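First up is the structure itself, then whatever we jot down about it.
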Amino acid sequence: GAVVSQHPSWVICKSGTSVKIECRSLDFQATTMFWYRQFPKQSLMLMATSNEGSKATYEQGVEKDKFLINHASLTLSTLTVTSAHPEDSSFYICSARDPGLPQETQYFGPGTRLLVL
Amino acid sequence: QQPVQSPQAVILREGEDAVINCSSSKALYSVHWYRQKHGEAPVFLMILLKGGEQKGHDKISASFNEKKQQSSLYLTASQLSYSGTYFCGTTGPPGAGSYQLTFGKGTKLSVIP
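Protein chains in written order, with my numbering: chain A, 34 to 150; chain B, 769 to 881.
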């Protein structure tokens with residue numbers, strides 16, 4: 034299957050700081066990437082859809098000014114958690130849609146575990 | 769609309785079979801199955817697009833019923849490596865946001881020796 038990478042794998046930061054997470058599609062060009070958040074023992078919740086060259090579309094209840102998404106190229110999307118607080122601690126996972134495969138096939142990155150102290 | 773998965777959890781002995789169901793009150797455009805191991809990201813298993821479709825790989829297969837409102841994942845002769853949480857993800861009809869997956873709450877599968 035297609036390969037999607039995320040960096041960093043984990044990050045610990047102090048409350049009030051900003052954290053940037055990168056999501057890359059390594060062997061295909063992804064016009065659309067998705068950002069999910071997963072709390073322990075819960076399902077994946079879609080935060081936003083990132084479209085190359087345009088503004089991200091955020092799900093209801095997700096603050097766009099707090100979770101900044103940039104999809105500047107066909108292989109890279111970034112999620113910046115601004116002024117992070119302990120309640121933002123979670124497992125953040127990106128996925129990318131491979132346009133060369135059945136329409137909605139998505140491949141997930143390995144995830145980034147964020148701990149805000 | 770979040771699909772409903774059942775059962776919530778199942779424990780199997782190696783070699784036993786299991787079925788995980790994913791259903792919706794509305795017709796679905798596609799169903800995606802993923803397996804997630806603890807602390808890792810979900811891994812894509814397969815996608816079903818057509819009503820009546822069945823597909824499989826090794827000893828894991830899935831079906832999508834004719835009305836496209838239910839999908840089942842079949843695990844036969846389970847192995848220890850099958851342990852994990854299985855999620856179904858669904859999409860609506862083509863159109864704005866059609867690529868967005870809505871995931872069920874997951875089914876935790878534990879295979880014991």
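Beta carbons: idealized from backbone N, C-alpha and C, even for Gly. Note that this is a predicted model, so its numbers are computed, not measured.
Beta carbon proximity, residue i to chain A, threshold 9 Å
{"i": "Ala809 of chain B", "result": "yes"}
{"i": "Phe832 of chain B", "result": "no"}
{"i": "Leu841 of chain B", "result": "no"}
{"i": "Thr844 of chain B", "result": "no"}
{"i": "Gly824 of chain B", "result": "no"}
{"i": "Lys873 of chain B", "result": "yes"}
{"i": "Gln868 of chain B", "result": "yes"}
Short CB-CB distance (under 9 Å) between residue i and chain B
{"i": "Ile102 of chain A", "result": "no"}
{"i": "Ile15 of chain A", "result": "Here chain A comprises residues numbered 34 to 150, so residue 15 of chain A is not present and cannot be evaluated."}
{"i": "Ile45 of chain A", "result": "no"}
{"i": "Gly49 of chain A", "result": "no"}
{"i": "Gln62 of chain A", "result": "no"}
DSSP state of residue i mapped onto helix, strand, coil
{"i": "Glu821 of chain B", "result": "coil"}
{"i": "Leu848 of chain B", "result": "helix"}
{"i": "Glu834 of chain B", "result": "coil"}
{"i": "Glu55 of chain A", "result": "strand"}
Contacting residues, own chain, Cβ-Cβ under 8 Å from residue i (five flanking each side not counted)
{"i": "Ala777 of chain B", "result": "Thr875, Lys876, Leu877 and Ser878"}
{"i": "Gln837 of chain B", "result": "Ser791, Ser792, Ser793, Lys794, Ala795 and Leu796"}
{"i": "Thr64 of chain A", "result": "Asn84, Glu85, Leu107, Arg130 and Pro132"}
Close Cβ partners of residue i (< 7 Å) along its chain, the five nearest in sequence each way excluded
{"i": "Gly872 of chain B", "result": "Gln770, Pro771, Val772, Gln773, Cys790, Phe855 and Cys856"}
{"i": "Lys47 of chain A", "result": "Leu150"}
{"i": "Thr90 of chain A", "result": "Ala81 and Thr82"}
Integer-rounded CB distance, given that residue j should sit under 8 Å from residue i
{"i": "Leu147 of chain A", "j": "Ser123 of chain A", "result": "6 Å"}
{"i": "Thr108 of chain A", "j": "Ser58 of chain A", "result": "5 Å"}
{"i": "Phe141 of chain A", "j": "Ala830 of chain B", "result": "18 Å between Cβ atoms; not a contact."}
Cβ-based neighbour list, residue i, same chain, cut-off 6 Å, excluding 5 preceding and 5 following
{"i": "Gln847 of chain B", "result": "none"}
> Quick one, which residues of the stretch 77-109 of chain A are near chain B if we go by CB-CB under 9 Å, in chain order?
Replying inline: Leu77, Met78, Leu79, Thr82, Thr90 and Glu92
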